Amino acid sequence: MLKNRIIRFISILTCAAVVLFSFVACAQSGAPEYDVSAPKLAVSTEKLETELAAFLDECADRTTFQNGEKQAAEYLRARLTEFGHEPELQSFTVEENGVAGLTSQNVVARYLAADRDDDTPNVILGAYYDNRYSQSYTDAKAFRSEAALAGGTSVATLLSIAEYLTAQRPELSFDVTLVFFGASYIYSDGAQAFWDSGMTAEERKNTVLMAEMQRLGVDHVYAYTDERPTAREKFFDDVARANGLDVYKLTQKTPYITGATAYEGLPFYRWAHNGVFGTFVDEGIPTLNLVGANWETMDLTDAESADNKNIAYTENDDLETLKEYHPDHALKMATAATLVIRALESPEFIEVMQSDRDNFPHTGLLTEMWVWYMIALGVTLVVAATLILVYGRLVKKYPIVAPQPRRMKMAVFGMDYEDRDSADIFIDIKSSVGEDIFPGVPNNDNALDGIFPPITPTDSGGDNNKTPSDESDARSDNDDDIFDGKQ
Amino acid sequence: MIDIAKRRMPTAVLGVLVYVSYCASSWYAMRGNLAYVGQQYGISGWLINDVVAFFTGGLLPFLLFWFITSFVYRPLAMKTGGDMLSVKYGLCLTVAVANLVLFAFKFSYIAYPLYAPIVNIIVDPAVTLLFVGLYMWYVFYQGYVQRSRFGMALVQILGTFAAVYGLLALFGMVMSVA
């Protein structure tokens, strides 16, 4: 019996596990469904590797708010100048974790449209360049790594795009603003400062896309636009397909973390929501997040790779480890750079981005969770109210009849003298025992003549004056006679 | 009317069925919770997967259900009399079915993930209360409990479900504005 129960128990659990595995295994993959064996890259992988190595070699310590970050900013300005841009450093001051007066800087370069006016659209391409090699301020965490993956690869990719623009000089109908964000390794201070004070009002109004590059070089490159339907998702898919680029899309395998949100309008958080681009989403700007990850396995965490542990934001985030874990990291960087470049060069690009900007979805109500909980509360209150009504009706229709206490009584004079409708239980002595209540003893109907003879009145008239003792005396005399045997 | 309590499965099997049903209905939300916890505390990725999410997601709701049901059952049985054992058995089956319906319904989240958290908040209590309400209607006509005592049983059972969901909604509302 116990064995059967155990078998049933295990069977149910096994069925559940098999069904579950089937669902997971059959879940849609984010891999591209076209041939990616021969991508048409716009930048060379060797150039990217060189750019990355040089950057990390010069700027290993780029600690936020410290001298290292400033030196890195100067390095980037110099590189952009070499490419032919006119970069500027935009300093800003922020407060972080209660520490005020922290200064950093963004490095900004603009590739302007051929024909410009006040309404020329603007596209922002960004990557953060700082790290937390040492402590940024007291009690701040230090990672003791050069952030080769967390920031280095993205910087190198953006530099390659900057170089491409000035080298190839594509004629674009929009401005391209290249921004290297400071103070954005942990928070998005640089991105926020850029939006607040690094752009003119016109630029803010005309910005149609913000594309961020981060953590490039691991297993896959994901292109994430929005959870809500957009025109640009298909556009970027088409660009990737046309160039044979190995660009992944998010699928249901990536979990939805409810109870948290990265930016306005979405009632959940996903790994692809990490990044500084969220600052621009909150301002109603369409975005593109090119992020390196592997979200295709059963691992629900923000995994970089199926085969290796994460290195970004750890002390192992250096170039040697990156090369060891991800030898084809430069190919991933080139993939991301090519996607951006070919998208910019596409004739449909600005039309699609403008359309998404004009039709930016505003779904703020979805994040007002108190509204939805209130509706749920309302549902339970309706049920409670219905319950009360039903209960009242039931009690009325089917009242509880409380049983009356029943007592046991003796019908001394027979049931004729008792209330037959009473709930009490009667013992009818008269009918049950017949004439003799006490066997051998005459019952009440017949006088106990033998014991108590009837009293006869006498002439002395004094009968009425006879006292009971007189009467008993008389009886006593008789008794004597009885006991004398004379009767 | 079919008497579902006529052929009873063993309590252990019933318990497993209810537990697995809670696992199924909580799986979607638990994926996200587990992913967050794993990422936050650096828990190894091989522990943070769908299978673990499935079997851990149902643990708390199942324990809560089993505890509350046991807590409510004994005093209710004493007050109302009748075949409360069958009522309890049928309630477990009802909850299991409701959870499986919810699990099937949540596949719609694949098509509309944007609305999933909101639908989750509203649909979970609505479907469960509906099923329990229908089940109590069945109990009434099956005569497991005397009709004069049925109101008491209805209030205790359905009222407990409504109270728990109401408290959860209230808690969620407070946390969302805090």
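Residue numbers (the numbering used here), protein chains in the order written: chain A, -4 to 482; chain B, 96 to 273.
We treat Cβ as the ideally placed atom computed from N, Cα and C, and that holds for glycine.
The structure presented is a predicted model; accordingly, all values stated were derived computationally and were not measured.
Neighbourhood of Gln247(A) in chain B, by CB distance below 9 Å: Tyr204, Ile205, Pro208, in chain order. Of all residues in the region 247 to 271 of chain B, those with a C-beta nearer than 7 Å to a C-beta of chain A are Leu249, Val250, Leu253, Gly254, Ala257, Tyr260, Gly261, Ala264, Leu265, Gly267, Met268, Ser271, reading in chain order.
When Asp170(A), Leu167(A), Leu285(A), Leu36(A) are compared, the shortest CA-CA separation from His215(A) is found for Leu285(A). For Leu97(A), the three-state secondary structure derived from DSSP is strand.
Beyond the five residues adjoining it in sequence on each side, Asp302(A) comes within less than 7 Å, by CB distance, of no other residue in the same chain. Residue Ser243(B) holds the alpha-carbon nearest to the alpha-carbon of Val390(A) among Ser243(B), Leu265(B), Ile252(B). Closest in alpha carbon position to Thr195(A), among Thr172(A), Ser179(A), Tyr182(A), Gly177(A), is Thr172(A). Looking at the DSSP output, Met405(A) sits in a beta bridge with Ile422(A).
By the rule that beta-carbons nearer than 8 Å mark a contact, Glu222(A) touches chain B. Contact between Asp294(A) and Ile143(B) holds: their C-beta atoms lie close to 6 Å from each other, under 8 Å. For Thr375(A), at least one C-beta of chain B is nearer than 8 Å to its own C-beta.
Judged by DSSP secondary structure, Gln209(A) falls within the beta strand (DSSP E) whose first and last residues are 202 to 209. Straight across, the Cα-Cα distance linking Asn117(A) with Tyr260(B) is about 49 Å. With respect to the 8 Å criterion, Ala142(A) and Tyr180(A) are classified as neighbours on the basis of their beta carbons. With respect to the C-alpha of Ala325(A), the residue from Thr115(A), Thr152(A), Pro34(A), Phe421(A) having the closest C-alpha is Thr152(A). Under the 8 Å criterion on CB atoms, Leu195(B) is classed as non-interfacial with respect to chain A.
Within chain B, no C-beta atom comes less than 7 Å from the C-beta of Asp312(A); the nearest is roughly 15 Å away.
Annotation: Met270(B) to Ala109(A) spans about 52 Å, alpha carbon to alpha carbon. Look at Gly152(B): its C-beta is not under 8 Å from any C-beta on chain A.
Taking 8 Å as the CB threshold, Trp290(A) stays off the interface with chain B.
Sequence-distant partners of Met208(A) (beyond 5 residues in either direction) whose C-beta falls short of 7 Å from its own C-beta, in its chain, are Ala122, Ser149, Thr152, Leu153, Leu285, Ala331. Judged by beta-carbon spacing, Ser86(A) lies beyond the 8 Å limit of Thr76(A), meaning their Cβ atoms are not closer than that value. For Phe50(A), the enclosing alpha helix (DSSP H) covers residues 40 to 53. Listed in chain order, the non-local C-beta contacts of Tyr412(A) below 8 Å within the same chain comprise Ala406, local neighbours out to five positions each way being set aside.
Contact between Val113(B) and Phe157(B) is confirmed by a C-beta separation of about 6 Å, below the 8 Å threshold. Counting other Cβ atoms within 10 Å of its Cβ, Arg164(A) stays below 16 and is therefore classed as exposed. Taking CB atoms only, Thr282(A) has no neighbour in chain B less than 8 Å away.
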